[in-house]
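Chemist:
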Amino acid sequence: MLPVVALVGRPNVGKSTLFNVLTSSRDALVADRPGVTRDRQYGVCRNVDRPYVVVDTGGLTDSRDFLARATVKQAVSAIDEAQLVLFIVDAKEGLLVDDHDVLQQIRRSGKPCILVLNKIDASTEAAAGAEFAALGMSAVLAVSAAHKRGIDALQAEIRSRL
Ligand code: GDP
Ligand code: MG
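Residue numbers (this note's numbering): 4 to 165.
(1) Just the C-alpha distance for isoleucine 82 and glycine 132, rounded to the nearest angstrom, thanks.
(2) Applying the 10 Å Cβ sphere with the 16-neighbour rule, what's the burial state of glutamine 44?
(3) Taking the alpha-carbon positions, what's the leucine 63 to valine 75 distance?
(4) With DSSP run on the structure shown, which of helix, strand or coil describes asparagine 15?
(5) Within the chosen definition, does the segment 142 to 160 reach the segment 120 to 129 through at least 3 CB pairs nearer than 8 Å?
(6) Can you tell me where the alpha helix (DSSP H) holding valine 105 begins and where it ends?
(7) Within 7 Å: the Cβ of threonine 20 and any heavy atom of the ligand GDP?
(8) Express the C-alpha separation of threonine 60 and threonine 40 in angstroms, rounding to a whole number.
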């Protein structure tokens, strides 16, 4: 059995984009804005020395209440089956209430977790340090899924935790 890594985060942070990078596919639908309903999606990251299963989570709909519920439900299911959780946030937008809700679910699970600051598109860009540091995560990686930056370092961190 391959280990399972879950991509968890609120809508639009870049989970599906990162899924496609990790699985070298275009299987996950990348959307410009919330509004797409999807189930969990599975892929395999093969181009590493220890392959693993990647689970993307979705749950976007047009109703905000349902969106919130569906997102949490998907996240919980994905976390349950994972050995490792990647908590993805949008470093450009900063932390929103929904991010804290997702993190609460992850912490409740007790699963190991890496904080992934996505959308750091240029090497000159830095995520709002204090804001993310306040989450108290031991593993924090900055990436740009769209530009495939920071992926090697992320893979190394994933490997060290599986
Ligand atoms: P998801 O809802 O979390 O799965 O997010 P998506 O992967 O669908 O991406 C949401 C939006 O963010 C899309 O318009 C992506 O093109 C964009 N996006 C994803 N990764 C990056 C990134 O590294 N940098 C920038 N600037 N945009 C990104
Ligand atoms: Mg998505």
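The beta carbon of each residue, even a glycine, is placed where N, CA and C say it ideally should be.
Modeler: Taking the structure as given:
(1) 26 Å
(2) buried
(3) The predicted model places leucine 63 with a pLDDT of 42, which falls under 50 and marks its position as unreliable, so this point remains unresolved.
(4) coil
(5) yes
(6) 100 to 112
(7) yes
(8) The predicted position of threonine 40 is uncertain, since its pLDDT is 40 and thus under 50; no value can be drawn from it.
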